[in-house]
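The next block holds one structure in the form of structure tokens; read it before the comments.
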């Protein structure tokens, strides 16, 4: 083994066409192509510019509150009775989730490009809140598209966005959830190509978005890697993160891709993979093109996109970032799933053992940790991304548990 | 050698502007589909554009989104759209038919299989809205081998650097998207259409079609003063949608009357070529 060439890095993608293996690309209307090329050129220049990086780092520190802590969860670990569990506390970020890492970078880029208007799509509302927040911080008008069904189940975030001055526009087409909000945001962008910057919230969409969002979210994994080395003197055995579009997961996983660390993404199994009511794209999807990229999709035999279900609005999406589709295809990352009920149980467990209300999205990741931690010896380390806090979800959880508020 | 209905029709038009009428295939039902296409021809459409319904039509405005939904809820598939064209072809072997849609239904069908089946059904050209030159390589071979035209889009964001890239694999005609936006919402002022067409004509010998936001006979007339082909989509789809919502019993008749008003406007747009 010693004389073999080291394995090539898995961190070099995408290629010049924005492809990760067979996935990714730029499947958009011609009107958007020049805009994507412009965003790509601007992003490449910005990321190489130390002044841009310094401004972003300063804001991540003083405005977002980074680095987020890496927390050893002793009572959770004891309760599960196996591996030592560490939580990457990205729920402590300003606005309560990892989403702001990406928004800050993209809005700084928009400003650098001279764009005067910000648009975004949102599912759970976390990306919408983060975008509205950063837009307010820079005094830019902001329109957030949100599925009418998501507006219903995420009222606190809708009000929060409105307080921040954003124009929240309900989208009633299709399943009235995240995918339809993304269609509507793309329609807005194609109609306002000159003054508008589209802040995509997940590591999906046309190139360069999957790569740009990943780069901006890699702060999670870079910090976590250094923190676990400082705390334990070694790398974790397993990293776990929830996957909807996949931005928090790719942000955690990417800095570990070349390490001997097992990586598991956890999708939403909704009412079960045996039903049609789930959002487990990597488990049950087939290749296709939606929202500007070739990826795995939940679709029927005629190529029509299926409606999905998850108790978590942030995971309720029929596609997934192209880099995840590729990482699955080469077997580097394994993808599991957790049902609505398992996520609810995990939500309550973390509340009672650690005094932390997780968002329903990372509750899915925790559900997987609950399955595997008890089977691992006490000297093993699990690092889980706690990518959002659960305050926004208390009404959904109350309804699911039959509690009156 | 497959017959080139598109080239024949464009040659027959000469310097007279032509009307392209659009409907979503299978809207409001697969049964009415062929009759609606025939009604558009009877009303005076020179070319027919048939939309392949997709669940997530991100480049379309409310009218065509609704048409897609009606077609899908009536059970229309890509296979169904090809069957519809084949049924239309039994009575009309001259009017060119161009399919317009999104990549995913074609990818699910299989690109090769699609191209062969489309040509066999009597389709003459294909426009895939979300397949820019950067992603078109896998489509070009199969589409050409089947004798279909690969129709490209130029837009208000197309600059001089990008235009040659767009034109490199274009055939049939060049479709100019008149406004930056989705179908059927905003309309371009005449001076803007004139300037864009002149710019494109300087770069290509292909006929130039202009669409997006052309909703009335009066507007079709102004566009026809400059363009070789005028595309009307959302307004036709609205006629179908409104008639369907009213429970009208002669939807093809209403389509024919509306298309006739557009055709009249387009034909008389340039008095000098009418004589």
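Residue numbers (this note's numbering), protein chains in the order written: chain F, 1 to 405; chain R, 1001 to 1275.
Even for Gly, the Cβ is constructed at its ideal location relative to N, Cα and C.
Buried versus exposed, by CB contacts within 10 Å (16 or more), residue i
i: residue 99 (chain F); result: buried
i: residue 359 (chain F); result: buried
i: residue 1036 (chain R); result: buried
i: residue 88 (chain F); result: buried
i: residue 1205 (chain R); result: exposed
i: residue 138 (chain F); result: exposed
i: residue 1 (chain F); result: Its pLDDT being 48, under 50, residue 1 (chain F) is placed unreliably by the model, and nothing is read from it.
i: residue 115 (chain F); result: buried
i: residue 1198 (chain R); result: exposed
i: residue 393 (chain F); result: buried
Extent of the continuous alpha helix (DSSP H) to which residue i belongs
i: residue 58 (chain F); result: 50-59
i: residue 1174 (chain R); result: No alpha helix (DSSP H) contains residue 1174 (chain R), which is instead part of the beta strand (DSSP E) from 1174-1177.
i: residue 960 (chain R); result: The question about residue 960 (chain R) has no answer here: the residues shown for chain R are numbered 1001 through 1275.
i: residue 1067 (chain R); result: 1062-1073
i: residue 269 (chain F); result: Looking at the DSSP string, residue 269 (chain F) is not in any alpha helix (DSSP H); the run it does join, the beta strand (DSSP E), is 262-270.
i: residue 1020 (chain R); result: Counting along the chain, residue 1020 (chain R) falls outside any alpha helix (DSSP H), though it belongs to the beta strand (DSSP E) covering 1018-1024.
i: residue 361 (chain F); result: 360-372
i: residue 256 (chain F); result: No alpha helix (DSSP H) contains residue 256 (chain F), which DSSP labels as neither H nor E.
i: residue 36 (chain F); result: 33-47
i: residue 134 (chain F); result: 126-138
i: residue 1306 (chain R); result: Since the first residue shown for chain R is 1001 and the last is 1275, residue 1306 (chain R) is missing from the structure and cannot be characterised.
i: residue 217 (chain F); result: 209-232
i: residue 396 (chain F); result: 394-401
Cβ of residue i within 7 Å of any chain R Cβ
i: residue 187 (chain F); result: yes
i: residue 66 (chain F); result: no
i: residue 232 (chain F); result: no
i: residue 326 (chain F); result: no
i: residue 191 (chain F); result: yes
i: residue 206 (chain F); result: no
i: residue 288 (chain F); result: yes
i: residue 29 (chain F); result: yes
i: residue 200 (chain F); result: no
i: residue 331 (chain F); result: no
i: residue 183 (chain F); result: yes
i: residue 305 (chain F); result: yes
i: residue 322 (chain F); result: no
i: residue 407 (chain F); result: Nothing can be reported for residue 407 (chain F), as the shown portion of chain F is limited to 1 through 405.
Proximity of residue i and residue j at Cβ, strictly below 7 Å
i: residue 1042 (chain R); j: residue 1254 (chain R); result: no
i: residue 244 (chain F); j: residue 317 (chain F); result: yes
i: residue 1068 (chain R); j: residue 288 (chain F); result: no
i: residue 1151 (chain R); j: residue 1184 (chain R); result: no
i: residue 161 (chain F); j: residue 134 (chain F); result: no
i: residue 1081 (chain R); j: residue 1097 (chain R); result: no
i: residue 1078 (chain R); j: residue 1052 (chain R); result: yes
i: residue 373 (chain F); j: residue 83 (chain F); result: yes
i: residue 1019 (chain R); j: residue 1263 (chain R); result: yes
i: residue 132 (chain F); j: residue 110 (chain F); result: no
i: residue 1265 (chain R); j: residue 1220 (chain R); result: yes
i: residue 30 (chain F); j: residue 1132 (chain R); result: yes
i: residue 205 (chain F); j: residue 292 (chain F); result: yes
i: residue 281 (chain F); j: residue 320 (chain F); result: yes
Endpoints, the beta strand (DSSP E) within which residue i is located
i: residue 385 (chain F); result: 381-385
i: residue 198 (chain F); result: 196-199
i: residue 1267 (chain R); result: Element bounds for residue 1267 (chain R): not the beta strand (DSSP E) but the alpha helix (DSSP H), 1251-1267.
i: residue 293 (chain F); result: 292-297
i: residue 965 (chain R); result: Since the first residue of chain R shown is 1001 and the last is 1275, residue 965 (chain R) is not available in this structure.
i: residue 26 (chain F); result: 23-27
i: residue 241 (chain F); result: 238-242
i: residue 146 (chain F); result: 142-147
Short CB-CB distance (under 7 Å) between residue i and chain F
i: residue 1056 (chain R); result: yes
i: residue 1181 (chain R); result: yes
i: residue 1108 (chain R); result: yes
i: residue 1155 (chain R); result: yes
i: residue 1143 (chain R); result: no
i: residue 1118 (chain R); result: no
i: residue 1104 (chain R); result: yes
i: residue 1092 (chain R); result: no
i: residue 1059 (chain R); result: yes
Residue ranges of each alpha helix (DSSP H) run of no fewer than 4 residues wholly in the segment 66-123 of chain F, ordered along the chain? Within the segment 66-123 of chain F, the complete alpha helix (DSSP H) runs of at least 4 residues are 74-80 and 99-112.
Taking only runs of the alpha helix (DSSP H) that begin and end inside the segment 307-355 of chain F, which ones reach a length of at least 4 residues, in chain order? Listed in chain order, they are 322-329 and 340-354.
Can you list the beta strand (DSSP E) stretches of 3 or more residues lying completely in the segment 1202-1259 of chain R, in chain order? The segment 1202-1259 of chain R is shown to contain whole beta strand (DSSP E) runs of 3 or more residues at 1208-1211 and 1229-1232, in chain order.
As an exercise, report each continuous beta strand (DSSP E) stretch of at least 3 residues that is fully enclosed by the segment 154-207 of chain F, in chain order. Taking only runs of at least 3 residues, the beta strand (DSSP E) segments lying wholly in the segment 154-207 of chain F are 167-171 and 196-199.
Inside the segment 1097-1132 of chain R only - alpha helix (DSSP H) runs reaching at least 4 residues: Taken in chain order, the complete alpha helix (DSSP H) segments of 4 or more residues contained in the segment 1097-1132 of chain R are 1103-1109 and 1111-1121.
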